[in-house]
Structure formats: structure tokens, C-alpha cells
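Protein sequences appear in the order of chains A and B.
Numbering follows our numbering, in which position 9 of the first sequence is assigned residue number 9; successive positions increment by one, without gaps.
Numbering follows our numbering, in which position 84 of the second sequence is assigned residue number 525; successive positions increment by one, without gaps.
For glycine and all other residues, C-beta sits at the position ideal for the given N, C-alpha and C.
Because the structure is a prediction, the values reported are computed rather than measured.
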Amino acid sequence: MVKGLLDWIDERIKIRDLWNDFADRPIPGGSSWFYVLGASLVFVFSLQMLTGIFLAMYYAPTPDHAYASVKFIQEVAPFGSFVRGLHHWGASFMMVLVGLHMVRVFIFGSYKKPREVVWVIGVGLIAIVGGFAFTGYLLPWDQKAYWATVVGTNVAGTVPVIGGVLLRIVRGGTELGAFSLSRFFAIHTYILPWSLALLAGLHVFLLERAGAGGIWNAADRVPYRAEPLFPNQIFRDTIFILIVFIALAGVALLFPAPLEPQADPTDSTYNPRPEWYFYFVFQMLKIFEGKLELLGTVILPNLGVAALLLIPFIDRSAERDPAKRKLVMTLGALFVATVIGLTIAGARAPIVNAPAVTSPSVLAGRAIYARSGCSACHSIFGKGGKIGPELTHVAARRPDAQWHLKHFRDPQAVVPGSIMPKIDLSDKELQELTEYMLNLK
Amino acid sequence: MSEQGVSRRNFMIRTIIGIGAFIGAAIAIPLGGFGILPVLRKKEPDWSDAGTAADLVVNEPQERRFFQTVKSGWQEERVERTAWLVRKTGGSITAFSPNCPHLGCGYRWFSQDRQFKCPCHASLFDIEGKVISGPAPRALDSLSAKIENGKVLVKFEIFQVGTTKKAAA
């Protein structure tokens, strides 16, 4: 039955030839565990596509609904936490695997003739994976999403001359809002997946045309040995993919993807931090200050990408044995060590503000403050009216909770001559408002 | 290829297929559940406030418009609804879904004839909702209703049409 159908199709479009070309592609020196990384990337990317499509069934890319819809996915929908966990941690897995894949290709000298174009496309693929990570960030519209994107897009604003316009194009306006979220969503779910799928297809197709590099000394080995891609290499790929899948599913189950409080542009107590894979950029932004800022935001990152692109055209000797490419290996090791070093430094960066306000009663108190019109007279962190006392550090002056409670109920009884009106709220609400006041130190 | 080579090749192919099937299932089950289960959940409707009970004339059906809060996943919406309310002699209340159980048209009460009439296919119902004549396969669909603190409360639901048995859509 299946054979009959295959015969019928094969008679017309010769799929068996196509399959044999693919399956019999010889790997010089035989299959190896070193070559499993590319296939595992195809797998993780496919998983990202699948989980992403299903997440999009419930997600709403607007600032007033995005957070609620992600909360629904995370807390209400069956399997929602697992599916979102796979997608969230899948991004980290992509980053690690793509980095290892590049390092492997670099060490094996596989980027050399005739595979230069395959390498160049690979660098493009890494850029796309970075773009995915950056645009995916904003979508939950929580505190991390908001602040990391504020900082990340401001980097575009430091570009000389066109910075201002560039920032508005990237953000969809001068500040983050409805246009930012919808354009990040469009880039994340339409532009980047198509770009990555097409380029990855080309990456594999061109490798197919150029032929796999295999081990560097394959030609010198006696007797000459080569194994076909299928089933030998695909067998190893599949085992590794299984390990990657179990690890990813395990992380997704044990560590649910975080969801911080909803984005709050007025919260100055929050400590914005990017995901770990952007720590090296984050750290560079701290190193280069003032006039040198441009170096960290624009020049060095672009030089880094340019260097990667140019590797196969600068290092043109036919020698692939890493032991005989000491200079290139040293430079490569320095590059990798710099990225890892900056990442570690970024991870250890001291937190400037005290940990963000997360106590529910303090948050509730802040909401009561906002909706009760307190800011008509009082100001906090420079925002609000000037009629009443400034409250930014009110807890330093008035650390007593009872004083606040009494004062809210009857200001004149506590401060004679005060023009503040009595606050008509429930005891619970006054308690929450008091906790917010005591948090303002 | 040697015999040993053939059996090694077969082992590898079987392993590839086996792992592929395992991962496929391990992904398909959660994704399928995630995609399908939230929309299959039966939601018990909440009581909606359908206005005061005092205005209702005994044994004189009246159409009432009111708002129902509908939860759609993460979103709560106020949806405008309508229902026919009938106050009985004893003071109890009956509410009918506004759609004819035949094919869903909106029917209305004709006071002089003491009948509900459907304008589409001429089904006729009495004040109890029972079919008098016409193609309607069942009586009008009653909704849970009660009077509390002078207010009429209705649990609005949508029913399948065209069937002899009343069932939530």
C-alpha cells in the first residue's frame, strides 16, 4: 500500500533519487558526535515554531490585553505552563546550541573552501536567532519585557545622525506602546520565522551542494573511510535530539517560565536585566561610557559581526587541522573568552536599586494611590502636584503605620490646620495605602 | 553490505523511527491539549440581572434586554442578551430563550391570540412554551430564573436548535 503510493509518486517526480542524494551524502572520516549540533538546531527551531503557533492561539498583541492573555496561558490553560516553558527555555537552548555549532565549525575549519557561503549564511542565521530572542522578550508585557525593551531599543538611538529616526522606526513611536507590541509581534511571528526557515534551508542545501567537510585528516587516513548521512549520522543526531528534548522538557516542567508583574512605566524601583544571553551586550554598555558609548553600542557589535562574516575570506589557507592553525585558534579562543567573560561580569553586575516592589499589599496600595487622585496634590519621584508634601521619602519622616492610618482617617486631628481631605476608604484599603507609604523610603 | 552491516543499519533506522515517534507523541499530546481543551470547557453561566420584577404583569410575557458578563478565556465582556419573562399567578417566574427551537429565529408574543409566534416557519407556542402547531421539534427553551430582592435574575444560555431534546450549544 505505502510502497504502491511511493511507486506512483516516484514514477512522476523521482522522489527516491532526491532521498538517495540526501541519504547517501558521504561524510569524510565517518559520522561523529561532533556533527549533531546542526540537526539539533533544526529540531529546537521546529519546536519553537510549533509551540509559538499554539501560543499565538491565545496571545493578544496589544498593551491592554497581552499580559492578561499570557497570564491565562501560564495559569489557566491546560498544558499552558509547559508549552510556554518549552518556548521560553527553547530560546536559551537555541542560543547555546547555535554557539556550540559555530565553535565546532570554526575548530574543524569547515568554513573553508568550498563552504564559505554556508558559513556566511550561518552568521546570518545567528543574527536572526538573536532577533528572535530580542523581539520575543517584549511580548508578555511584564516588567522585564517593558524595561529590557526600553533599554534595548535605546541602543538603536545612539547611532549617530539617524539614531532618533531609527529609534522611532524600531519602537513604532517615541515611546513603547501599541505600535511597539504589534510590530515586535509581526517581526517575531512573520518576518523572522520565514527568514530563518528560508536561510536555514539554503544553509543545508548549499552544504549538500558543497559536500560535508568531515574530519580534517579524512583524506590521509588509510583505508579511506566515509559513512552516509543516513542512517549513520542521522542516528547520532536523533540520539542527541532525544537528550536535548528531555533536557528542555525537564527544565520547562521544573522551572516555569517567569512572568513578572505587568509593565509599569512609572516604576523606578525596578531593576531591568536582560536575559542571560544578552549579558555580554549589557556589560559592554556599562564599560563604555560618555564619548566611548558608541563603541559599545554600535561599533564593536558591528565589527564583531563583520569579523565573523570575513573569517573564511581572510583565513584562506587549505589547512584545516586545528593543531596547525595556532594563530586562528588563539584569536577564536580570545573571542569566545571575551563573550563568556562579559557574560559572567554581566551576571554578577550589582543591583543598584533594592529588589523590585513585589509585595501584593504594597502594589495594591500603589494602585489605590493612583486611582484616588492623591497625585493631584502630592508628588512621588517628581510626578504629581506641589500643594501637599512631597512623598518620595515619606517613610523616612513618618515610619509609624498608626500615624498614617490615623492621618488618613482624619488629617486635621493629627496635623492641625492641614487642608488634606479625609480619605474615605475601607480599613483594608487604608492598610494597603499605608504599606505603600512605608515603602517610600 | 555484510550481514552484520545490514543488521546494524536496520537497528539504527528502527531507533530513529522509535525516537521520532516518542518525541512526536510527547509534543503532540501537550500541544493538542493546550490547543483544544480550553475551548471545550463547559462554562456554567452566572446569574444576570434582568431588571425589576415589579413591572411584570402576571401572565403577560414581556421581552427583556439585559447584559450578561461572558468570560472568553482571559477576557470578560458584557454582551447584550434578551429573554421572554413570564410572571406566574403564584409569583414565580419563567424565562424563555429568545430563539425558536426550530431554526433559531426570534419569535414574539401576540397578546390578543395568547400565543408566541415564530415569523420564520409559523411555529406557535402557548404561554407555557408548549408547541401548538408548526415545525418546532420541542417546546420553547426555558432558562433558569428567579426573583431576588425585587430583581429578576436569569442564567442565559444558548441551546442547540432543530433537535427534539434541549441541549446546551
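Inset, instruction - Give every residue of the same chain whose Cβ lies closer than 8 Å to the Cβ of glycine 385 (chain A), excluding the five residues on either side of it in the sequence, and list them in chain order. - result: Ser375, Ala376, Cys377, His378, Ser379, listed in sequence order.
Legend entry - Host alpha helix (DSSP H) of serine 69 (chain A) (start-end): Element bounds for serine 69 (chain A): 66 to 75.
Legend entry - the segment 442 to 467 of chain B: positions lying closer than 8 Å to chain A by Cβ: Within the segment 442 to 467 of chain B, Arg450, Met453, Ile454, Thr456, Ile457, Ile460, Gly461, Phe463, Ile464, Ala467 place their CB atoms closer than 8 Å to a CB of chain A, listed in sequence order.
Inset, instruction - Please name the residues in the segment 470 to 496 of chain B whose beta-carbon is closer than 7 Å to at least one beta-carbon of chain A, in chain order. - result: Residues of the segment 470 to 496 of chain B with a C-beta less than 7 Å from any C-beta of chain A: Pro471, Leu472, Gly474, Phe475, Gly476, Leu478, Pro479, listed in chain order.
Legend entry - Any C-beta of chain B under 8 Å from that of alanine 323 (chain A): Contacts with chain B at 8 Å (Cβ-Cβ) do not include alanine 323 (chain A).
Legend entry - Interface residues of chain B facing glycine 80 (chain A) [CB-CB closer than 9 Å]: Correct list: Phe475, Pro479.
Legend entry - Within-8 Å CB hit, threonine 238 (chain A) to chain B: Taking Cβ atoms only, chain B reaches closer than 8 Å to threonine 238 (chain A), which makes this a yes.
Legend entry - DSSP state of leucine 433 (chain A) mapped onto helix, strand, coil: Here leucine 433 (chain A) carries a helix assignment [DSSP, helix/strand/coil].
Legend entry - alanine 349 (chain A) in three-state terms, based on DSSP: Alanine 349 (chain A): coil per DSSP, three-state reduction.
Legend entry - Against chain A: residues of the segment 493 to 518 of chain B by CB proximity under 9 Å: So the close ones are Gly514, Trp515, Gln516.
Legend entry - Distance between beta carbons of proline 560 (chain B) and valine 527 (chain B), contact taken as under 8 Å: Incorrect: roughly 20 Å between the Cβ atoms, too far for contact.
Inset, instruction - Assuming valine 36 (chain A) contacts valine 305 (chain A) (C-beta within less than 8 Å), just tell me the rounded distance between them. - result: Not really, about 26 Å apart at Cβ, beyond 8 Å.
Inset, instruction - Report buried or exposed for alanine 219 (chain A), applying the criterion of at least 16 other Cβ atoms within 10 angstroms of its Cβ. - result: It counts as exposed.
Legend entry - Minimum C-alpha distance to serine 533 (chain B) - residue among B:Trp550, B:Ala494, B:Lys571, B:Leu544: When only C-alpha atoms are compared, the closest one is B:Ala494.
Inset, instruction - Please name the residue in A:Glu275, A:Ile243, A:Thr330, A:Lys286 whose C-alpha comes closest to that of valine 463 (chain B). - result: The sequence shown places phenylalanine at residue 463 (chain B), not valine. The shortest Cα separation from phenylalanine 463 (chain B) among A:Glu275, A:Ile243, A:Thr330, A:Lys286 belongs to A:Ile243.
Inset, instruction - Examine chain B for any beta-carbon lying closer than 8 Å to the beta-carbon of tyrosine 58 (chain A), and answer yes or no. - result: Interface residue (Cβ-Cβ distance to chain B less than 8 Å): tyrosine 58 (chain A) is classified as such.
Inset, instruction - Taking only beta-carbon positions, decide if valine 2 (chain A) is within less than 8 Å of chain B. - result: It does not; no Cβ of chain B falls within 8 Å.
Legend entry - Identity of the residues DSSP links to glutamine 509 (chain B) by a beta bridge: Within the DSSP secondary-structure output, glutamine 509 (chain B) pairs in a beta bridge with B:Val520.
Inset, instruction - Kindly indicate which residue of A:Val339, A:Ile234, A:Glu435, A:Pro322 has the alpha-carbon position closest to the one of isoleucine 457 (chain B). - result: When C-alpha distances from isoleucine 457 (chain B) are compared across A:Val339, A:Ile234, A:Glu435, A:Pro322, the shortest belongs to A:Ile234.
Legend entry - Under the three-state DSSP convention, the category serine 40 (chain A) falls into: When secondary structure is reduced to three states using DSSP, serine 40 (chain A) falls in the helix class.
Inset, instruction - Compute the Euclidean distance between the alpha carbons of glutamate 227 (chain A) and glycine 30 (chain A), then round it to the nearest angstrom. - result: Using only the alpha carbons, I get a separation of about 5 Å.
Inset, instruction - For isoleucine 15 (chain A), decide whether its Cβ has a neighbour in chain B, counting only Cβ atoms nearer than 8 Å. - result: It does not; no Cβ of chain B falls within 8 Å.
Inset, instruction - Along the alpha helix (DSSP H) that carries threonine 456 (chain B), what are the first and last residues, could you check? - result: Looking at the DSSP string, the run of the alpha helix (DSSP H) that includes threonine 456 (chain B) is 444 to 481.
Legend entry - Under the three-state DSSP convention, the category serine 418 (chain A) falls into: Three-state DSSP puts serine 418 (chain A) in coil, outside helix and strand.
Legend entry - Euclidean distance between Cα positions of tryptophan 276 (chain A) and histidine 203 (chain A): Taking C-alpha positions only, tryptophan 276 (chain A) is separated from histidine 203 (chain A) by approximately 27 Å.
Legend entry - Cutoff 6 Å; reference serine 574 (chain B); Cβ partners in own chain excluding five residues on either side: The residues Leu565, in chain order, have a CB closer than 6 Å to that of serine 574 (chain B) in the same chain once the five nearest residues on each side in sequence are set aside.
Inset, instruction - Leaving aside the five residues before and after leucine 199 (chain A) along the sequence, list all residues of the same chain whose C-beta is less than 8 Å from its C-beta, in chain order. - result: Counting only Cβ-Cβ distances below 8 Å, and skipping sequence neighbours, we find Ile121, Gly124, Leu125, Ile128.
Inset, instruction - Would you mind stating whether arginine 320 (chain A) and phenylalanine 185 (chain A) have Cβ atoms separated by less than 8 Å? - result: Between arginine 320 (chain A) and phenylalanine 185 (chain A), the C-beta gap is not smaller than 8 Å, which leaves the two residues out of contact.
Legend entry - threonine 153 (chain A) to serine 32 (chain A) span [Cα, whole Å]: Their Cα atoms are separated by approximately 42 Å.
Inset, instruction - Would you list the residues sitting across from arginine 183 (chain A) in a DSSP beta bridge? - result: DSSP lists no partner for arginine 183 (chain A).
Inset, instruction - Taking histidine 88 (chain A) as the query, report the chain B residues whose CB atoms sit under 9 Å from its CB, ordered along the chain. - result: None at all; the shortest Cβ gap to chain B is about 14 Å.
Legend entry - Whole-angstrom distance between threonine 149 (chain A) and glycine 177 (chain A), CA atom to CA atom: Cα to Cα, glycine 177 (chain A) sits roughly 11 Å from threonine 149 (chain A).
Inset, instruction - Go ahead and label alanine 577 (chain B) buried or exposed: buried means 16 or more other beta carbons lie within 10 angstroms of its beta carbon, across all protein chains shown. - result: When all chains shown are included, alanine 577 (chain B) counts as buried.
Inset, instruction - Would you mind reading off the limits of the beta strand (DSSP E) that contains glycine 492 (chain B)? - result: Here the beta strand (DSSP E) through glycine 492 (chain B) covers 489 to 493.
Legend entry - Within-8 Å CB hit, valine 83 (chain A) to chain B: Cβ-Cβ to chain B under 8 Å: yes for valine 83 (chain A).
Inset, instruction - Please classify aspartate 220 (chain A): does DSSP put it in a helix, a strand, or coil? - result: Helix.
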